[in-house]
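Residue numbers (our numbering): 410 to 684.
For each residue, glycine too, the CB sits at the ideal point set by N, CA and C.
Values in this document were obtained by computation on a predicted structure and should not be read as measured data.
Just below is one structure, and these are the notes that go with it.
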DNA sequence: AACAAGACCTGCATGC
DNA sequence: TGCATGCAGGTCTTGT
């Protein structure tokens, strides 16, 4: 589920529920996800008041009033839902927070590729998980020049390069496929050859697809964190992802959308439109 | 240094 | 129905 648009949708939903609230109880139903939780996590959370919720790439940063910041990553299957105490624990609810208004926040992650860490305020960008992360694609100065600079010298396919969080923060398999399709660039193209007008097209496509997805998530996922973590309706707007064999929008090629595997991950594209 | 493959986990769809 | 297989929105580690 979680690439940048989904993480941003979750962040917005959580901010509405959590900002300004105090955590009155923190239940750790296991002590690790992808890695062990930081020591004393339950004690750190209990009694803390929640400040701003920010996002960096696919991480949600929850500021606490103890001069610390919680780092949350949803991995592949992570979900954060809110409800109240009447909801019984679900399988894979690993962390359950109760807020001072009775709201219950649950971090559920079947595959446990997610992660929770804690760092001191002001040190976030230096945290090993965030240090070296590439530019945020939705900030105003992210453009073709910025993107081309990150791709310079890379002989790997552009598909693989865009999945590297050091190149652009927050992209994942779906939105990389979609952005390359919109930009008309082959996923197999050598990354370093994406310069000039091609880089501008790709940067614009990345921004457009992410913004549209956030909007779509924002409307149908308004209550996402109260729900079962279903996708927003943007999945219905995928042009190529998950559409092997189907015709791509407005294209007359006989072959339709192709699927290939690059660095172990499925890539969906149109060989006619993408060069 | 750069890149690809492997590993980490569970759940689900598919096919026999 | 049961079982095996392959696939999944990520990324850290290992090996070439």
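- Report all residues from its chain with a CB closer than 6 Å to the CB of residue 427; omit the five preceding and five following residues, and keep chain order. Against the first chain, residue 427 aligns to sequence position 18. So the qualifying residues of the chain are 459.
Quiz prompt | Supposed close pair residue 668, residue 676 - CB separation, criterion 8 Å | solution = Taking the first residue of the first chain as position 1, residue 668 is located at position 259. Taking the first residue of the first chain as position 1, residue 676 is located at position 267. Sure, about 7 Å apart at Cβ, within 8 Å.
Which residue from 522, 555 and 431 puts its Cα closest to that of residue 512? For the purposes of this step, residue 512 is taken as the residue at position 103 of the first chain. Among 522, 555 and 431, the Cα nearest to that of residue 512 belongs to 431.
Original post:
To which residues does DSSP link residue 431 through a beta bridge?
Top reply: Here residue 431 refers to the residue found at position 22 of the first chain. Partner(s): 458.
message = Can you list, in chain order, the residues of its chain with a C-beta nearer than 7 Å to that of residue 533? Leave out the 5 residues immediately preceding and following it.
response = The sequence position of residue 533 within the first chain is 124, counting from 1. These residues qualify, in order along the chain: 470, 478 and 539.
According to the neighbour-count rule (16 or more other Cβ atoms, all chains shown, within 10 Å of its Cβ), is residue 500 buried or exposed? Within the first chain, numbered from 1, the residue matching residue 500 stands at position 91. The residue in question, residue 500, is exposed, as its Cβ has fewer than 16 Cβ neighbours within 10 Å.
Could you give the DSSP three-state label for residue 554: helix, strand or coil?
Sequence index remark: in the first chain, residue 554 carries index 145 (1-based). DSSP places residue 554 in helix when its eight states are reduced to three.
_Bridge partner(s) assigned by DSSP for residue 472_ = Position 63 of the first chain, counting from 1, holds the residue named residue 472. Looking at the DSSP assignment, residue 472 forms a beta bridge with 478.
Select from 543, 436, 547 and 467 the residue whose C-alpha is nearest the C-alpha of residue 494.
The residue labelled residue 494 in the question sits at position 85 within the first chain. Ranking the options by Cα distance to residue 494, first place goes to 436.
May I ask you to list the residues that DSSP assigns as paired with residue 677?
The count along the first chain starts at 1 and reaches residue 677 at position 268. Paired residues: 668.
query: Taking the alpha-carbon positions, what's the residue 600 to residue 607 distance?
result: Taking the first residue of the first chain as position 1, residue 600 is located at position 191. Taking the first residue of the first chain as position 1, residue 607 is located at position 198. Distance between the alpha carbons of residue 600 and residue 607: 11 Å.
By alpha-carbon positions, which one of 542, 566 and 588 ends up nearest to residue 670? On the first chain, position 261 is the one that residue 670 refers to. Selected option, being the one with the closest Cα: 566.
What residue does the beta strand (DSSP E) around residue 577 start on, and which one ends it? Here residue 577 refers to the residue found at position 168 of the first chain. Element bounds for residue 577: n/a, residue is neither H nor E.
Same chain, Cβ closer than 6 Å to residue 461, five either side skipped, listed in chain order:
Walking along the first chain from the start, residue 461 turns up at place 52. Taken in chain order, the residues that qualify are 472.
| request: Using the Cα positions of residue 631 and residue 544, report the straight-line distance between them to the nearest angstrom. | output: The residue given as residue 631 occupies position 222 in the first chain. The residue given as residue 544 occupies position 135 in the first chain. Per-residue confidence for residue 631 stands at a pLDDT of 45, beneath the threshold of 50, marking its modelled position as unreliable; the derived number appears in the next sentence. Between residue 631 and residue 544, the C-alpha separation is close to 27 Å.
message: What does the alpha-carbon distance come out to for the pair residue 628 and residue 573?
response: The residue given as residue 628 occupies position 219 in the first chain. The residue given as residue 573 occupies position 164 in the first chain. Low confidence applies here, because residue 628 scores a pLDDT of 48, under 50, leaving its location unreliable; read the following figure in that light. Approximately 29 Å, taken between the alpha carbons.
Check your understanding: Comparing alpha-carbon positions, which option in 453, 641, 605 and 516 lies nearest residue 625?
Key -> Your numbering for residue 625 matches position 216 in the first chain. Among 453, 641, 605 and 516, the Cα nearest to that of residue 625 is on 641.
Inset, instruction - With DSSP as the reference, label residue 498 as helix, strand or coil. - result: By one-based count along the first chain, residue 498 stands at place 89. Coil at residue 498, not helix or strand.
| message | Which residue marks the beginning of the beta strand (DSSP E) containing residue 603, and which one marks its end? | response | As a working mapping, residue 603 is identified with position 194 in the first chain. Here residue 603 belongs to no beta strand (DSSP E), and DSSP marks it neither H nor E.
task: Consult DSSP for residue 516 and reduce its assignment to one of helix, strand or coil.
output: For this step, residue 516 is matched to residue 107 along the first chain. Three-state DSSP puts residue 516 in a strand.
Alpha-carbon spacing of residue 658 relative to residue 613, whole angstroms: The sequence position of residue 658 within the first chain is 249, counting from 1. The sequence position of residue 613 within the first chain is 204, counting from 1. If I take the Cα positions, the gap works out to 19 Å.
Handout entry: Reduced DSSP category for residue 584 - H, G, I as helix; E, B as strand; rest coil
Key = Along the first chain, one-based indexing puts residue 584 at 175. It is helical.
Query raised in the report: Anyone know if the C-beta pair for residue 588 and residue 560 falls short of 9 Å?
Result: Taking the first chain and counting its residues from 1, the one referred to as residue 588 is at position 179. Taking the first chain and counting its residues from 1, the one referred to as residue 560 is at position 151. Going by C-beta atoms, residue 588 is not nearer than 9 Å to residue 560.
>> Is it the case that the stretch 503-517 contacts the stretch 486-493, given that we only count it when at least three CB pairs across the two stretches are under 8 Å?
In response: yes
Beta-carbon proximity check, residue 483 vs residue 523, cutoff 9 Å: Taking the first residue of the first chain as position 1, residue 483 is located at position 74. Taking the first residue of the first chain as position 1, residue 523 is located at position 114. Result yes, Cβ atoms of residue 483 and residue 523 sit closer than 9 Å.
Below 6 Å CB to CB, which residues in the same chain sit around residue 553 once its five sequence neighbours on both sides are set aside? The count along the first chain starts at 1 and reaches residue 553 at position 144. Excluding sequence neighbours, residue 553 sits near 608, 609 and 612.
Check: Can you tell which of 673, 674 and 591 has the C-alpha that lies nearest to the C-alpha of residue 646?
Finding: For the purposes of this step, residue 646 is identified with residue 237 of the first chain, where counting begins at 1. Residue 591 is the option with its Cα nearest to residue 646.
Nearest neighbour of residue 580, chosen from 465, 672, 504 and 550 [CA to CA] = If you number the first chain from 1, residue 580 lands on position 171. Nearest of 465, 672, 504 and 550 to residue 580, Cα basis: 465.
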